[in-house]
Structure formats: C-alpha cells, structure tokens
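Chains as they are written, first to last, in the working numbering: chain R, 42 to 156; chain Z, -8 to 353. Yeah, the Cβ is synthetic: ideal placement off N, Cα and C, and Gly gets one too.
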Amino acid sequence: MQKIEIKITKVREEIASFYEPKVWHFLTLNGVALDEETLEVQWIFSRYEALDDVVIYFSKISYDTLIPSIVELIPSAIISQRELVDMFGVPVEGTEKGLYLDEDSMQKPLAGCKL
Amino acid sequence: MSKKTINIPLGSQHISLLEPVRFKFECENETIVGVDSDVGFVHRGVERACTTKFKYDAIGYVVARICGLCAITHSLSYTVAIEKLMDAQVNSKIQYLRTLLLELDRIHSHMLCLSHTAESAGFEAMFMRIMGDREDIMEIQELLTGNRIQFDYISIGGVNRDIDSQRAKEITLRLRELEKKIYGYIEEFENNWSLSLKYKGIGRLSLDEAYKFNAIGPLARASGLAIDVRNEIDYLPYKEIGFEMQLHTDGDIHARNSVRLAEILNSIAMCRNILEGLPDGDIFTKIKGKPTGEVLVRYEAPRGELMYYVKGNKTAMLDRVRIKTPTFASIPAFSHIFMGENYADAPAILASFDPCLSCTAK
C-alpha cells in the first residue's frame, strides 16, 4: 500500500495525471478523523490484475474545506462522495447530502467518533 | 406516437425486491430515460459502532451482522486486517478452512441470485428448484460450522471448528450431487425460452462502460472486465486450489447468469480440492499485542470487491473501520444500465445485479 500526500487544491490535477481507467480501478473515497479539526481524506485505487498493488492519495483538511469533486474523471466516485458528505459533514463540490441520512437522523456520525 | 414522460418509482418496497431500495425512473412511454436511487433505508451505523462501542476482538462478530448472505466475507476481511496489523501469520490449514467456507458461501449466494432471476422471468418452478437445491449448501454449512447462515466461523488467529474425515467425506459427496444439478441449470439457462431468450441483450453493460463505472464482481466479469480479487491476493491459497476467473463478453442479464453458474462450478471444484488436500495443523494461532497502524484488505465477496480499511492505535479501541461493500460501489453502474431499457425489464435487470442493501447501507 503506497500513500501519497497531495494538496487539496491539486486533487483533480494529481488524479487526472495518474488515473488510467484500464489500468487503475477506483475503489472508494475514505475519511479518517484525525482530531476535532482535521480530517484525512483518501482516494483509493488498485491496479487491475496485480497482486495487492494499492495506491492511496490523501490530503489532511479541516472540516469546512471544500473538497474538489473527481466525478468528471471517475463517474462512479459520486456515490462515495455522497457518503463522505453524509458521514463526515464535509462539503464536496457539486455533491448533495442525504444518501444515507434523513434530516432527523444523527448528522455527520463519523466526524468526531473518536473524540 | 407522441412521447409522454412519466415518473415511476420502483421500491422502496416492491414485489421484485428482497430489501428496501428505491429507484425513481423517468420514462418516455415505456423507455427509461432517467434514474435516481435512494439506498439509505436500513442504515445502522456499523462503522461508528466499530470505533465507539466495541473492542477490536469483538468487531469480527459485529461486522458479520452487516449481511446475512455474505457475513463470512465481512468476518474474513476484518480478521485478516487485524492479523496484518498485529503482524500475525496463520497456518495453511486455517487458510484452507477459511477458503472452504468462503466458497460454500459464494455458491449459496449465487444460487439465491439465480433463483430470483428465474422468478423475475416468471419461471416460478425454476425458482423453487434452485431454492430447494440451495438447501444442500445450507446444510453443508451447518455441518461444517454449526450454523446455516451466521457462522461466526472465522476468528482472529484461526477458525472456530475443525473438520473430521467423516464430515469431509459427506461434504464431498453432497457437492458431487450438487454439481450435477448445476449442469442441469446451465442447460435451462442456456436453452429455456423464458430464461435465455428473454434475457439476451437486456440490461447490457459494455466493456468500456464497465471500466468507466468501475464495475466489479459478476457484473464486471459478464462484460469481459477481468477483475476478481481472488486473483489479486495472497493471504488465501487460491493459486493452489484451482481458482479460474470466469469471464463473458455479452454484458447482459444472460451473461451475468452464465458467469455465476460457471463460478459455482469453479467453487465446487475448489471446495473438493480443499477437502482432498487439507493440510495438517492447528485451527488456532495465539496472537499477542494490540493492532497498530493502518491496513487495507480486499476480498471477492459474491457480489464483488469488498474492502476493509482499519486503523489501530495500540489500544483495544480502533481509530477507524471503513467498509466498502460491492453493491454500494456498483450503484453508478446499475443506474447507467437502466438507461434506455424498457421499464417492464427493470425488475429482472435489478435481480441480475444481485443487490445487497443490507451491505450497502450498513
């Protein structure tokens, strides 16, 4: 598992230069709450037909940082972006909330779950 | 004929659905031109519970409750993640026994999907026949683990039950009988009008679209996309027991059925190889310490790639358990496939995805 840190403002450019749809399989977006103010956002890829070849691009951000959408590059990312918005309460460009959680549900349940 | 646009919901409760999901179809006459989905009807907060309510050594049992059909794949993925974080190795016998149950689970899950696909074609007798035969697998699982579905068979460091030669022999015999029945299904799915002609060319996903939407599991392999995590991992002995990736190129409902049938035959062959070549050894390895660091584990569940990301901090409580389930990841591909299809085919197309909403909402 290879981890590469990127600036949140450069996410789209970095992933655009890396991602080849027939070489890399997009697994998902992930969020890891580091502390009350910081979230690590991860974009996870694996190489097709390779033994455990996983690459994670990550960026450490505050919860109010707008996360760029990668849906134009990877259409299937929309579903994980919607999950990230619901679970952590972070804004993701062009992504609405409400995939999992209703208005009267507990909001952003994973944002502070270790705090 | 003038075009009339109407919105038709499918679900959240519908006769063709096993679990609650809602698709909102925008139709021009009978043709689907727009799709929206809502999957959040059974969200249970499992990821949060894993880091706030349970210690790491209990979570294997918690995540097994995410899904009744593929509970064992959740147990396995989480357990392997913890073993990697604790730098622990398990012996070949444990790996073989784990793989045996995982493949039995795949067989019964695929049979469930095939039976529902048959039912959605109006072939009730085939549905009954497959569900009846599926009991063989459920009984084999009970014989091996003590339970039909929620096995809790895999634990950190091993498995919870050994297998004796008598049980191994009985399982082998019953698998041989099942194999004959599967060849009978293949005959029906290939040649029966309801199952074959009705599903050829329906709900098609091309290879390029499979790449574009990151399709996984039988959905991807039916379109010719060679992705099967069993081919990309080394913590289970798939290279030794005869795993063969099953591919098709048509990408329609019929192709998905064909891939599942071929995978059942391959799983039966692998189970037989495991039982014939089961290594000696203990079924449990004691592991000391606490999980620390981060790890990502993937496994090929019956519906496709299952991913666990686990982060530990040298305490009994984990920092993060992230679960990416196959149906969840496939929703964009599902939505795309519906576009341009006839509304009347929507239930059959949906059944061919073999969706698991219990996993999706977790």
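Taking 9 angstroms as the cut-off between beta carbons, the residues of the segment 82 to 94 of chain R near chain Z are Gln83, Ile85, Ser87, Arg88, Tyr89, Glu90, Ala91, Leu92, Asp93, Asp94, in sequence order. When CB distances to chain Z are screened at a threshold of 9 angstroms, the residues of the segment 132 to 144 of chain R falling below it are Gly139, Leu140, Tyr141, Leu142, Asp143, in chain order.
Between the alpha carbons of Phe275 of chain Z and Phe180 of chain Z lies a gap of roughly 42 angstroms.
Contact annotation: the segment 64 to 73 of chain Z touches the segment 298 to 307 of chain Z, with at least three C-beta pairs closer than 8 angstroms.
Rounded to whole angstroms, Cys350 of chain Z and Phe32 of chain Z show a C-alpha spacing of 12 angstroms.
Within the segment 185 to 215 of chain Z, those residues whose Cβ lies closer than 9 angstroms to any Cβ of chain R are, in chain order, Asp199, Tyr202, Lys203, Phe204, Asn205, Ala206, Ile207.
Secondary structure of Met261 of chain Z (DSSP, three-state): helix.
Interface criterion not met: the Cβ of Val96 of chain R is under 8 angstroms from no Cβ in chain Z. Secondary structure at Ile119 of chain R: helix, using DSSP grouped into helix, strand and coil.
Taking 8 angstroms as the upper bound for CB-CB distance, Leu297 of chain Z and Pro282 of chain Z are not in contact here, some 19 angstroms apart. Taking 8 angstroms as the threshold, the shortest C-beta distance from Met122 of chain Z to chain R does not fall below it. For Leu169 of chain Z, the uninterrupted alpha helix (DSSP H) segment begins and ends at 156 to 182. At a cut-off of 4 residues, not a single continuous stretch assigned as alpha helix (DSSP H) sits fully inside the segment 67 to 109 of chain Z. Inclusion of Pro293 of chain Z and Ser100 of chain Z in the CB contact set at 8 angstroms is warranted, their separation being smaller than that value.
Annotation for Phe325 of chain Z: Phe344 place their beta carbon closer than 6 angstroms to its own, counting only its chain and skipping 5 residues before and after. DSSP places Thr351 of chain Z inside the alpha helix (DSSP H), whose first and last residues are 348 to 352.
Among the residues facing chain R, Pro282 of chain Z is not included, as its CB has no counterpart in that chain under 8 angstroms away.
For Pro323 of chain Z, a Cβ of chain R is located within less than 8 angstroms of the residue's own Cβ. By the Cβ neighbour-count rule, Ser258 of chain Z is buried, with 16 or more other Cβ atoms within 10 Å of its own.
Chain R places no beta carbon closer than 8 angstroms to that of Ala307 of chain Z, leaving this residue out of the contacts.
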